[in-house]
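Residue numbers (the numbering used here): 1 to 314.
Built from N, CA and C at the ideal position, the CB exists for glycine as well.
In this text, all values refer to a predicted model and were calculated from it rather than measured experimentally.
The structure appears right after this line, and notes come after that.
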Ligand SMILES: Nc1ncnc2c1ncn2[C@@H]1O[C@H](COP(=O)(O)OP(=O)(O)O)[C@@H](O)[C@H]1O
Ligand SMILES: [Mg+2]
C-alpha cells in the first residue's frame, strides 16, 4: 500500500537548483512505486499548506541552509509530521563546519588539522587579516583549504597554495560567513561513505570521487562528466574497513538517522580523515548516495522507499 508523501525541495538556499533536481528525481521514483506523491518548492508554500496537506511522511530533498540545517526539521517536529533523514540537532551540527570540527576533535575522530576564526561583529582590517595569515602559516603551513562555516557544495571554499593567495581566500570566505574554517590541505584520495539506517546503520560500498577540476568544487559536483564515481574505491582494504567503521561512528556521534553521507580523504599514510557529514545528500539518480545503493543492489526507487520507511520507524 502506498504512502501519502510530500516531497519538499528548492527553498532559499544557494543549493536551490540542485535541490529541485533531487526533489524531482525522488518524487518520480516514489510515484513509480505506487506512492501518492506531491512535490512542492519550499519557496512556494506556507506552513498552512503543509499542515492542510497532512502527508503521512515528508521527504526532505532540501540542500544547504533553510532545509538541511535543522530549520525545516524543527518546523515539521512542531507540526508532528515524520520526515526523512536526521533531526534538528544532527542537521544543525553537520551544516556548521566549525561545530563539526569541534565535535570530531572532542570525539577523537581523525580529521585534517584546522584553525577556526570567528569575525562576528568585527570589521576585519588589513592588519587582522595579516595576523590571521601569519598564524595559518605558522600553525598549518601551506597548502590549506579555506571554507566558510555554513555553506555547502564547495561555495566560498578555496584551496590556497601560496601565502599571497591566502588574503583573497579569507576575504572570499568572509563574503559568506563571519566564521571560517582553515584546514591543512590533504593530498589523497577522496571517498564517500553512504550510511543508511536508524539505530544499527549500514555502510554502503565506498565511492571514490575523482574531479576533473582542481578539487571537487561546485562545477565538478553538478555537471555530468566533470567528476567520476569509482566503485569500488581504489584504496587498501585496511583504509576501506577503517573508513566504514569511522562512518558509522560519525553517524552515531552526530545522531544521524535515516541516511547521511560521510566524506573522507585517505591521506598518504593510508588513514581516512573525516571531511564532513552531509545530512541530506544529493538525490538525483546520478548522485553519489544512489550510486552507492546501486552498488549494493538497491535501485534508486527502492532506496527512496527505504528512506521513507526509516522515517516512519519509531
Ligand atoms: N582538507 C582538505 N584537503 C584537501 N581537499 C579538501 C579539504 N577540504 C575540502 N577539500 C575539497 O573541497 C571539497 C569541499 O569541501 P567540503 O568540506 O566537503 O565542503 P562542502 O560542504 O562545500 O562540500 C571537498 O570535496 C574536497 O574536494
Ligand atoms: Mg562536501
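Taking the continuous beta strand (DSSP E) assigned at residue i, which residues delimit it?
i           : result
residue 213 : That residue, residue 213, is in no beta strand (DSSP E); it is neither H nor E in DSSP.
residue 147 : 144 to 148
residue 194 : 189 to 196
residue 118 : 114 to 118
residue 8   : 4 to 9
residue 158 : 158 to 160
residue 58  : 57 to 60
residue 184 : 179 to 184
Need the endpoints of the alpha helix (DSSP H) that residue i sits in, please.
i           : result
residue 222 : 218 to 222
residue 227 : Note, residue 227: premise wrong, no alpha helix (DSSP H); beta strand (DSSP E) at 227 to 230.
residue 139 : 126 to 139
residue 41  : Per DSSP, residue 41 belongs to no alpha helix (DSSP H); it is in the beta strand (DSSP E), 36 to 41.
residue 18  : 16 to 32
residue 50  : 47 to 53
residue 163 : 163 to 174
If you measure from the CB of residue i, is any heavy atom of ligand 1 nearer than 8 Å?
i           : result
residue 276 : yes
residue 147 : yes
residue 153 : yes
residue 162 : no
residue 102 : no
residue 24  : no
residue 112 : yes
residue 184 : yes
residue 173 : no
residue 137 : no
residue 69  : no
residue 239 : no
residue 209 : yes
residue 159 : yes
residue 187 : yes
residue 97  : yes
residue 190 : yes
Hey, would you say the C-beta of residue i is under 8 Å away from at least one heavy atom of ligand 2?
i           : result
residue 176 : no
residue 216 : yes
residue 263 : yes
Does the contact criterion of 3 or more C-beta pairs under 8 Å hold for the stretch 131 to 140 versus the stretch 191 to 207? no
Let me know the alpha helix (DSSP H) ranges lying completely inside the stretch 234 to 271, each 4 residues or longer, listed in chain order. 237 to 253
Minimum length 4: unbroken alpha helix (DSSP H) runs contained in the stretch 76 to 122: 88 to 95 and 97 to 106
Does the stretch 255 to 275 come within contact of the stretch 187 to 201, defined as at least 3 CB pairs closer than 8 Å? yes
Given 8 Å as the limit, is there contact between the stretch 230 to 237 and the stretch 171 to 182, that is, 3 or more CB pairs closer than that? no
Should the stretch 294 to 305 be regarded as contacting the stretch 61 to 68, the criterion being three or more beta carbon pairs within less than 8 Å? no
Assess, as a yes-or-no matter, whether the stretch 207 to 220 is touched by the stretch 48 to 60 under the definition of 3 or more beta carbon pairs within less than 8 Å. no
Can we say the stretch 119 to 128 touches the stretch 96 to 107, given the rule of at least three CB pairs closer than 8 Å? no
So does the stretch 24 to 44 actually touch the stretch 4 to 16, counting three or more Cβ pairs closer than 8 Å? yes
To test your reading of the DSSP string, which unbroken alpha helix (DSSP H) runs of 4 or more residues are found completely within the stretch 274 to 312? 288 to 295 and 300 to 312
Taking 8 Å as the threshold, find out whether the stretch 141 to 155 comes into contact with the stretch 167 to 180 through three or more Cβ pairs. yes
Does the structure place the stretch 274 to 282 close enough to the stretch 86 to 94 that three or more beta carbon pairs sit under 8 Å? yes
Determine, using beta-carbon pairs with one atom in the stretch 99 to 119 and one in the stretch 33 to 50, whether at least three such pairs fall under 8 Å. no
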